[in-house]
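In this note's numbering, the protein residues as written are 67 to 319.
Every residue, glycine too, gets a C-beta built ideally from N, C-alpha and C.
Since the structure comes first, as structure tokens, the remarks are kept for the end.
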Ligand SMILES: Nc1ncnc2c1ncn2[C@@H]1O[C@H](COP(=O)(O)OP(=O)(O)OP(=O)(O)O)[C@@H](O)[C@H]1O
Ligand SMILES: Nc1ccn([C@@H]2O[C@H](COP(=O)(O)O)[C@@H](O)[C@H]2O)c(=O)n1
């Protein structure tokens, strides 16, 4: 039986963050008798071909804390490029999200990791037809896991060259990952302006500035692909222009 991880040695982090698809499947299988939805996610995952390949169109991922503007800018970029917009976790499993959000870390993160592998099949297919814009992918799963499984300030994060910052070898890689950042004050303004009910994790993000800093720093330490940071504090129009230019420069569109 899987137990919840507490902050502590790198071993607990390794247990929390499955490093490849076989580990994700194993973890879902282990809890499927108790959580039928884990069996349902596993069934979908097992129908996805392994080691998905990208099509000829670019794949651009947007990452960042909640309320940094991902939904807003991804929608505009999608319209401007005639792209396909996908998000993680994908729609086919998102109805089970609240169930997994209540589970101990290893099971919860196995759900999000499975979502990334299922999303990879959608990206592979869509990128043969049009550019693909993705709202959260592996970097979110990794950064939130690392931040949850460590304590205190960013000095307590695993060192820069730790394997937790590496992209899983068997997961389809995007061409570009843009990390949207805004000041904590601006983020709070946007959260308040949006006025949606907050999840437990969002409430913790609000209350705990160290947690927020660990997430952002973990994003910054991710490698191959690394995140390209974008200051998302300007107006929606300006952020959109900046992002579109970055995509055009990087992806030769
Ligand atoms: N550049 C901007 N300037 C001012 N307000 C913005 C900007 N971009 C987004 N907003 C507003 O901030 C709020 C949060 O934006 P949005 O929902 O796009 O963030 P998000 O990163 O997708 O959040 P989540 O991860 O929680 O879904 C919304 O009310 C949106 O209208
Ligand atoms: N690839 C992903 C996507 C999401 N998460 C978790 O979900 C939370 C944010 O989701 P939103 O729908 O509010 O954007 C985030 O806090 C992560 O815990 C994930 O782990 N991996």
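- Task: Rank 253, 313, 261 and 312 by C-alpha distance to the C-alpha of residue 131 and give the top, closest one.
- Result: Out of 253, 313, 261 and 312, 253 has the C-alpha closest to the C-alpha of residue 131.
- Message: For residue 278, report the span of its beta strand (DSSP E) as first-last.
- Response: Per DSSP, residue 278 belongs to no beta strand (DSSP E); it is in the alpha helix (DSSP H), 275–287.
- Thinking C-beta only, is residue 235 closer than 8 Å to residue 86? Yes, they are a contact pair.
- CB-CB under 7 Å to residue 187, same chain, minus the five flanking residues each way: which ones, in chain order? Here the set comprises 114, 115 and 118.
- Task: Count the CB pairs spanning the segment 287–301 and the segment 229–243 that are closer than 8 Å, and state whether there are at least three.
- Result: Yes, the segment 287–301 is in contact with the segment 229–243.
- Query: Where does residue 265 sit, in a helix, a strand or coil, going by DSSP?
  - Reply: In this structure, residue 265 counts as coil in the three-state DSSP scheme.
- Message: For residue 120 and residue 197, I'd like the C-alpha separation in whole angstroms.
- Response: Each residue's Cα considered, the two are about 11 Å apart.
- Query: According to DSSP, what are the bridge partners of residue 195?
  - Reply: DSSP output for residue 195 lists no bridge partner at all.
- Message: By alpha-carbon positions, which one of 213, 207 and 145 ends up nearest to residue 237?
- Response: When each option's Cα is compared against that of residue 237, the closest is 207.
- Local conformation of residue 295 per DSSP, three classes: In the three-state scheme derived from DSSP, where H, G and I count as helix and E and B as strand, residue 295 is classed as strand.
- Any idea if residue 129 is buried or exposed, counting beta-carbon neighbours within 10 angstroms, 16 or more meaning buried? Answer is buried; the Cβ neighbour count reaches 16.
- Query: For residue 305 versus residue 139, is the C-beta spacing smaller than 8 Å?
  - Reply: The Cβ atoms of residue 305 and residue 139 sit closer than 8 Å to each other.
- For the alpha helix (DSSP H) holding residue 53, just list the boundary residues, first then last. Lying before the first or after the last residue shown, residue 53 is absent from the chain, which here runs from 67 to 319.
- Query: Looking at the unbroken beta strand (DSSP E) that takes in residue 129, where does it start and where does it end?
  - Reply: In the DSSP assignment, residue 129 falls within the beta strand (DSSP E) that extends over 125–129.
- Message: Could you tell me which whole beta strand (DSSP E) segments of length 3 or greater appear in the segment 162–212?
- Response: If we require 3 residues or more, the beta strand (DSSP E) runs fully inside the segment 162–212 come out as 198–201.
- Message: Can you list, in chain order, the residues of its chain with a C-beta nearer than 6 Å to that of residue 80? Leave out the 5 residues immediately preceding and following it.
- Response: Close CB contacts of residue 80 within its chain, under the 6 Å cut and outside five residues either way in sequence, are absent.
- Item | Length of the line joining the Cα atoms of residue 230 and residue 170 | The straight-line gap from Cα to Cα measures roughly 19 Å.
- Would you tell me roughly how many angstroms separate the C-alpha atoms of residue 95 and residue 203, rounded to the nearest one? Going by the C-alpha atoms only, they are around 22 Å apart.
- Message: Closer than 7 Å to a non-hydrogen atom of ligand 1 - does that hold for the CB of residue 298?
- Response: Indeed, a heavy atom of ligand 1 lies less than 7 Å from the Cβ.
- Task: Would you tell me roughly how many angstroms separate the C-alpha atoms of residue 123 and residue 150, rounded to the nearest one?
- Result: Spanning the two alpha carbons is a distance of roughly 11 Å.
- Enclosing alpha helix (DSSP H) for residue 139 [first to last residue]: For residue 139, the enclosing alpha helix (DSSP H) covers residues 136–147.
- Buried/exposed call for residue 100, threshold 16 Cβ in 10 Å: Exposed, since its Cβ has fewer than 16 Cβ neighbours within 10 Å.
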